[in-house]
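Student: Before we start, here is the structure in question, set down as structure tokens.
Structural data, given as structure tokens:
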């Protein structure tokens with residue numbers, strides 16, 4: 001671990017993982033700036049190192065690009081429910097960065113698109129050809145790919 005680091009903003013609340021990627025009792029809140037010491041890949045997942053044997057998931061920082069299937073309102077959370085954020089509307093087919101997995105607000109799923117900003121999960125296109133499984137098929141090592 002280098003002594004030089006850089007500050008990043010956590011966009012989705014993130015668990016802190018310790019040695020052997022076991023969850024610790026610590027977490028980092030959405031919107032918090034933390035010092036990191038580089039990115040690393042462990043077991044095909046990307047993480048930011050936040051200290052000695054301390055990591056957070058990169059998906060909660062870097063995000064995933066998703067495409068809107070229709071015009072979508074931007075929401076904020078107020079008193080436990082989602083309310084429209086000013087008069088913000090995102091246009092159909094525009095691409096948005098989403099952070100982490102969908103969160104549930106009053107039983108409806110939303111993706112985080114910024115600190116305190118949400119868009120309904122149903123407003124995004126589903127990823128066609130999403131790989132869900134890779135299986136080894138017997139002694140010939142034939143690979144079978146399973147798509148949704």
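In our numbering, the protein residues as written are 1 to 148.
Heads up, the beta-carbon is just placed ideally off N, CA and C, and yes, glycines get one too.
Would you tell me roughly how many angstroms separate the C-alpha atoms of residue 9 and residue 52, rounded to the nearest one?
Tutor: By one-based count along the chain shown, residue 9 stands at place 9. By one-based count along the chain shown, residue 52 stands at place 52. Roughly 19 Å between the two C-alpha positions.
Student: Leaving out five residues before and five after residue 7 in sequence, what residues of the same chain have Cβ atoms less than 8 Å from its Cβ?
Tutor: In the chain shown, the residue the question calls residue 7 occupies position 7. Cβ within range, chain order: 33, 34, 35, 36.
Student: Can you give me the C-alpha to C-alpha distance between residue 49 and residue 5, rounded to a whole angstrom?
Tutor: Looking up residue 49 in the chain shown gives position 49. Looking up residue 5 in the chain shown gives position 5. Taking the straight line from one Cα to the other gives about 10 Å.
Student: With respect to the beta strand (DSSP E) encompassing residue 57, which residues constitute its N-terminal and C-terminal limits?
Tutor: Residue mapping note: residue 57 aligns to position 57 of the chain shown, counting from 1. Residue 57 -> beta strand (DSSP E) spans 54 to 57.
Student: State the Cα-Cα distance for the pair residue 20 and residue 91, rounded to the nearest angstrom.
Tutor: To locate residue 20, count along the chain shown from 1; it is residue 20. To locate residue 91, count along the chain shown from 1; it is residue 91. Computed Cα separation, rounded: 42 Å.
Student: Closest to residue 39 by CA distance: which of 23, 61, 22 is it?
Tutor: The residue labelled residue 39 in the question sits at position 39 within the chain shown. The shortest Cα separation from residue 39 among 23, 61, 22 belongs to 61.
Student: Let me know if residue 66 comes out buried or exposed under the rule of 16 or more other beta-carbons within 10 Å of its beta-carbon.
Tutor: On the chain shown, position 66 is the one that residue 66 refers to. Buried, since its Cβ has 16 or more Cβ neighbours within 10 Å.
Student: In this structure, does DSSP put residue 125 in helix, strand or coil?
Tutor: Reading the chain shown from its first residue, position 125 is the one you call residue 125. Residue state, collapsed to three classes: coil.
Student: Looking at residue 76 and residue 107, is the spacing between their C-beta atoms short of 8 Å?
Tutor: Start at 1 with the first residue of the chain shown, and residue 107 comes out as number 107. Start at 1 with the first residue of the chain shown, and residue 76 comes out as number 76. Contact flag unset, no.
Student: Please go through the same chain and pick out, in chain order, the residues whose beta-carbon is closer than 7 Å to the beta-carbon of residue 15, but skip the five residues on each side of it.
Tutor: Here residue 15 is taken as the residue at index 15 of the chain shown, counted from 1. If we look at residue 15 and ignore the five residues flanking it on each side, its Cβ neighbours are 23, 27.
Student: Taking buried to mean at least 16 other C-beta atoms within 10 Å of its own C-beta, is residue 104 buried or exposed?
Tutor: Residue 104 sits at position 104 when you count from the first residue of the chain shown. So residue 104 counts as exposed.
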